[in-house]
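J.:
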Amino acid sequence: MSSAREYSASGMALRTAAILFVFVIIFTALLSAAYLWTKPAIEASATEAKMKLIDEVLPRSEYDNALLDDALPLPPTPELGLSNASTLYRARQAGQPVAVIFEAIAPDGYAGKIRLLLAIRADGQVTGVRVIQHRETPGLGDYIEIRKDKNKARPWITQFQGMSLTTVSDKDWKVKKDGGRIEYYTGATVSPRAISKAVFKAAKWADTNRLSLFAESAKKSGAVQ
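Using our numbering, read the sequence shown as starting at 4 and increasing by one per residue.
1) Curious, which full-length beta strand (DSSP E) runs of at least 3 residues does the stretch 73-99 contain?
2) Taking the C-alpha atoms as reference points, what is the distance between F105 and K180?
3) Give every residue of the same chain whose Cβ lies closer than 6 Å to the Cβ of Q136, excluding the five residues on either side of it in the sequence, and list them in chain order.
4) Which residue's Cα is closest to the Cα of P195: P110, D72, P79, D126?
5) For a quick check, are the C-beta atoms of F202 and L120 less than 9 Å apart?
6) Would you please state the rounded distance, in angstroms, between the beta carbons of R94 and L77? I believe it to be under 8 Å.
7) Between which residues of its own chain and R124 is the CB-CB distance below 7 Å, once the five residues before and five after are set aside?
8) Going along the chain, which residues of its own chain have a beta-carbon closer than 6 Å to the beta-carbon of F163, five neighbours each way excluded?
9) Can you give the Cα-Cα distance for V193 and L214, rounded to whole angstroms?
10) Report yes if the C-beta distance between G144 and I108 is below 9 Å; otherwise report no.
11) Check the C-beta distance from G127 over to L168 and give it rounded, since I have them as a contact under 8 Å.
12) Could you pull out every residue in the same chain whose Cβ sits closer than 7 Å to the Cβ of I149, ignoring the five residues on either side in sequence?
13) Where are the alpha helix (DSSP H) runs, 4 residues long or more, that stay fully inside the stretch 141-215, in chain order?
14) Hey, how far is the Cα of D67 from the Cα of Y146?
15) Tell me which residue opens and which closes the beta strand (DSSP E) that R63 is part of.
16) Rounded to a whole number of angstroms, what is the C-alpha to C-alpha distance between K155 and N212?
17) Rounded to a whole number of angstroms, what is the C-alpha to C-alpha distance between K204 and E82?
18) Can you give me the Cβ contacts of D173 inside the same chain, cut-off strictly under 8 Å, excluding the 5 residues immediately before and after it?
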């Protein structure tokens with residue numbers, strides 16, 4: 004009797020294990036199918052979100068290439084405040100280089116790092132800058148983010164548009180409190196100072212790497228060193 008009960012218990016355990024195994028296989032298959040089914044929609048949504056952000060620094064009317072396909076891998080770049088690898092995108096019109104779009108980080112914001120997206124033309128002119136991530140004090144440092152800036156007619160971040168190393172002096176890339184031309188709000192100087200410094204460094208970096216960044220063909224250049 005004892006051995007029969009042990010056999011019965013063992014058989015039941017094996018059947019339970021087999022049933023659980025089948026359920027795991029089915030569940031895994033369903034998850035995989037769901038992922039494959041939703042993957043195109045998720046990727047399309049991510050692409051659309053990325054392009055909307057890029058549109059804010061460089062209008063689509065200024066280029067005719069498939070921007071996200073003309074990508075240049077960047078290694079960690081201290082000049083841009085980037086400790087990790089990133090990607091730079093190149094805009095072209097009729098095959099000719101128009102501008103580059105890339106990220107930079109202002110490491111010395113009031114509450115930490117401020118992540119930026121910039122577009123710089125082939126002639127070195129800044130076409131747009133946007134803050135895409137920050138932890139600045141709500142209400143006080145909000146104006147660095149265009150959607151929260153109360154000045155809708157001329158948001159603070161748009162001051163960099165049109166600036167270049169050849170049209171303004173190095174000191175002009177600073178806030179007015181430091182002798183530059185960038186406006187700031189009283190009581191909230193740290194964030195604009197950090198962003199101004201980061202944009203200036205990004206403009207200098209783009210100028211230094213002009214030949215590789217604005218190559219006529221994506222095949223002619225590799226990762227920027």
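Ideal Cβ positions, reconstructed from N, Cα and C, are used throughout, including at glycine.
As the structure is a prediction and not an experimental result, all values here were calculated from the model.
T.: In terms of the structure at hand:
1) 74-77, 89-96
2) 28 Å
3) R118
4) P110
5) Checking the sequence, you will find Val at residue 202 rather than Phe. Result no, Cβ atoms of V202 and L120 do not sit closer than 9 Å.
6) The question names Arg, yet the displayed sequence has Ala at residue 94. 16 Å between Cβ atoms; not a contact.
7) V101, A102, T130
8) V129, V132, V202
9) 34 Å
10) no
11) 6 Å
12) R133, P158, I160
13) 193-211
14) 33 Å
15) Note, R63: premise wrong, no beta strand (DSSP E); not H, not E.
16) 34 Å
17) 6 Å
18) F203
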